[in-house]
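Numbering (my numbering), first residue to last: 1182 to 1524.
Each residue gets a CB set at the ideal place from its N, CA and C atoms; glycine is no exception.
Note sheet for the following structure.
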Ligand code: NAD
Ligand code: WQD
């Protein structure tokens, strides 16, 4: 019988790509999502790619009673991948309570039902934001956690601590936190991808929308950073590579191959790229000339962060493989496909 995995936030950007990889790896996926930042049509995309429509339950994970009812309805779930969260850094500064409530309450509810319904395995979506501006690059998993520079970032730090404390107190529960660097791109089929609401805050969705003509000139936030061309350096990882790491992590837990009850892995490529390198690689991959201008630094941005991936490579036997230009082309193909669909 197929093992059943609960994917929270499964109609979201990373959750949908992970659902595809889980199905293709032979898992039976059940999704919970309240569609606060995604569309129900994502299920059509998943079905087109895999031939399977995952079971979908629409409710808010902050509703503990609904979650209890869900657990009674699906007693065979052996593991949870928890993507559901609010994730807009700037918005979290404006609405801290909504962010703390949504991201922390939903996690606590999940941990309660894991304990109560004996669901032993959790993979949690964390972020490289927990490192702030690291003292040493590339950043390793044991680098110090710096004070978060947004309520969003703080929810990730607090969540990791809550998980760690819960695992320590309750034998039988195990978890892996995956700290993502900058996920970009889309499934090669262009059937699923990232669809930000309103003006994209992240670089690559802004680039694709600008190339499509929906947005004006790309603003490059600062060229006086301590980097070779002065623009910020990040570690951009293809979302499908990222999704595959989740399959590896959840399988490691299910098969009891984890070395500790709580483990943390960086998910990046290990390569740092500047904003201008991304812009020029996109131009090369697509043949489209982009309009951009250098503007002031964006408050809260750091000079550079990229991952030391050696621990994840070694322990998980996983590596990001998809080349950057292919990734940027996939983002562009998705932008074209979704705009056609949205009309
Ligand atoms: P996303 O917004 O596309 O997906 C999150 C999904 O969770 C959405 O479909 C949303 O509707 C759902 N959701 C939110 N709160 C919910 C609730 N209370 N109940 C039920 N559903 C709820 O975001 P994403 O980019 O796919 O990110 C997934 C996870 O990865 C998040 O935890 C995010 O913080 C983390 N992360 C994302 C990035 C990134 O750059 N995208 C980087 C690091 C970490
Ligand atoms: C990348 C680079 C910008 C937009 C954010 C969150 C982080 C994580 C990933 C969740 C930076 C520059 C951007 C633009 C630009 N998410 N930029 N013009 O800030 O590294 O990380 O997403 O956990 O927590 O903070 O990603 O894509 O916004 O920016 O010049 O219009 O592009 O200054 O150097 P960031 P990003």
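Check whether the segment 1334-1354 and the segment 1363-1373 are in contact - that is, three or more C-beta pairs closer than 8 Å. Verdict: no, contact absent.
Is residue 1194 closer than 9 Å to residue 1378 when the C-beta atoms are compared? Position 197 of the chain shown, counted from the start, is the residue given in the question as residue 1378. Position 13 of the chain shown, counted from the start, is the residue given in the question as residue 1194. Taking a C-beta distance under 9 Å as the contact criterion, residue 1378 and residue 1194 do not qualify as a contact pair.
Nearest-angstrom Cα distance between residue 1382 and residue 1415? As a working mapping, residue 1382 is identified with position 201 in the chain shown. As a working mapping, residue 1415 is identified with position 234 in the chain shown. Their backbone Cα atoms lie some 15 Å apart in a straight line.
Any heavy atom of ligand 2 closer than 8 Å to the Cβ of residue 1530? The displayed coordinates of the chain run from 1182 to 1524. Any statement about residue 1530 would go beyond what the structure contains.
Exposure label - residue 1453; buried when at least 16 CB within 10 Å: Start at 1 with the first residue of the chain shown, and residue 1453 comes out as number 272. Under this definition residue 1453 is a buried residue.
Please classify residue 1438 as buried or exposed, where buried requires at least 16 neighbouring CB atoms within 10 angstroms. Here residue 1438 corresponds to residue number 257 of the chain shown, with the count starting at 1. A residue is called buried once 16 or more other Cβ atoms fall within 10 Å of its Cβ, and residue 1438, having fewer, is exposed.
Report, in whole angstroms, the separation of the C-beta atoms of residue 1198 and residue 1373, which I expect to be a contact under 8 Å. Residue numbering aside, residue 1198 sits at position 17 when the chain shown is read from its first letter. Residue numbering aside, residue 1373 sits at position 192 when the chain shown is read from its first letter. Going by Cβ atoms, the distance from residue 1198 to residue 1373 rounds to 6 Å, so yes, they are a contact pair.
Considering only C-alpha positions, which residue in the set 1397, 1216, 1519 is nearest to residue 1192? Here residue 1192 corresponds to residue number 11 of the chain shown, with the count starting at 1. Per the C-alpha coordinates, the member of 1397, 1216, 1519 positioned closest to residue 1192 is 1216.
I'd like to confirm something about residue 1243: is its beta-carbon nearer than 8 Å to some heavy atom of ligand 1, or not? For the purposes of this step, residue 1243 is taken as the residue at position 62 of the chain shown. Between ligand 1 and the CB of residue 1243, the shortest heavy atom gap is smaller than 8 Å.
If we count the other Cβ atoms within 10 Å of its Cβ and call it buried at 16 or more, is residue 1278 buried or exposed? Along the chain shown, read from residue 1 onward, the residue named residue 1278 stands at position 97. Flag for residue 1278 reads exposed.
Give me the Cβ distance between residue 1236 and residue 1184, rounded to the nearest whole Å; I'm assuming they're in contact under 8 Å. Position 55 of the chain shown holds residue 1236. Position 3 of the chain shown holds residue 1184. Their Cβ separation, rounded to whole angstroms, is 14 Å, which puts residue 1236 and residue 1184 out of contact at 8 Å.
According to DSSP, is residue 1223 part of a helix, a strand, or is it coil? Here residue 1223 refers to the residue found at position 42 of the chain shown. For residue 1223, the secondary structure class from DSSP, reduced to helix, strand or coil, is helix.
Take every Cβ of the segment 1396-1412, pair it with every Cβ of the segment 1487-1501, and state whether three or more of those distances are shorter than 8 Å. Touching, no.
Is the closest heavy atom of ligand 1 to the C-beta of residue 1380 under 8 Å? Counting from 1 along the chain shown, the entry for residue 1380 is found at position 199. Annotation for residue 1380 indicates a beta carbon at 8 Å or more from all heavy atoms of ligand 1.
Any contact between the segment 1391-1404 and the segment 1459-1472? By contact I mean 3 or more CB pairs, one from each, below 8 Å. With the cut-off at 8 Å, the segment 1391-1404 and the segment 1459-1472 touch.
Residue 1441, DSSP secondary structure in three states: On the chain shown, residue 1441 is found 260 positions in, with the first residue counted as 1. Residue 1441 falls in the coil class under three-state DSSP.
For residue 1364, is the beta carbon positioned less than 8 Å from some heavy atom of ligand 1? As a working note, residue 1364 is residue 183 in the chain shown. Yes.
Are residue 1313 and residue 1265 closer than 9 Å when you measure CB to CB? Counted from its first residue, the chain shown places residue 1313 at position 132. Counted from its first residue, the chain shown places residue 1265 at position 84. Result no, Cβ atoms of residue 1313 and residue 1265 do not sit closer than 9 Å.
So residue 1502 and residue 1422 are supposed to be a Cβ contact under 8 Å. How far apart are they, rounded? Working through the chain shown from its first residue, we reach residue 1502 at position 321. Working through the chain shown from its first residue, we reach residue 1422 at position 241. Between residue 1502 and residue 1422, the beta carbon gap of about 6 Å places them in contact (Cβ cut-off 8 Å).
Taking only the alpha-carbon atoms, compute the straight-line gap between residue 1461 and residue 1387 and give it to the nearest angstrom. Here residue 1461 refers to the residue found at position 280 of the chain shown. Here residue 1387 refers to the residue found at position 206 of the chain shown. Linking residue 1461 to residue 1387 through their CA atoms gives a straight-line distance of about 14 Å.
At least three beta-carbon pairs within less than 8 Å, the segment 1439-1452 to the segment 1340-1360: Touching, yes.
Those residues which DSSP pairs with residue 1287 across a bridge: If you number the chain shown from 1, residue 1287 lands on position 106. Answer is none; residue 1287 lacks a bridge partner.
Looking only at its own chain, which residues have a Cβ that is under 6 Å from the Cβ of residue 1371, when we skip the five neighbours before and after it? By 1-based counting over the chain shown, the position of residue 1371 is 190. So the qualifying residues of the chain are 1514, 1515, 1518.
Beta-bridge pairing of residue 1415 - partner residues as DSSP gives them: Counting from 1 along the chain shown, the entry for residue 1415 is found at position 234. Paired residue(s): 1454.
Would you mind stating whether residue 1310 and residue 1331 have Cβ atoms separated by less than 9 Å? Here residue 1310 refers to the residue found at position 129 when the chain shown is read from its first residue. Here residue 1331 refers to the residue found at position 150 when the chain shown is read from its first residue. A Cβ-Cβ contact shorter than 9 Å links residue 1310 with residue 1331.
DSSP puts residue 1399 in a beta bridge; with which residues? Walking along the chain shown from the start, residue 1399 turns up at place 218. According to DSSP, which records beta bridges pairwise, residue 1399 is partnered with 1473.
Going straight from the alpha carbon of residue 1300 to that of residue 1286, what length do you get? Working through the chain shown from its first residue, we reach residue 1300 at position 119. Working through the chain shown from its first residue, we reach residue 1286 at position 105. Taking C-alpha positions only, residue 1300 is separated from residue 1286 by approximately 18 Å.
Looking only at C-alpha atoms, which of 1275, 1272, 1271, 1261 sits nearest to residue 1306? The residue labelled residue 1306 in the question sits at position 125 within the chain shown. That would be 1261, whose Cα lies nearest to the Cα of residue 1306.
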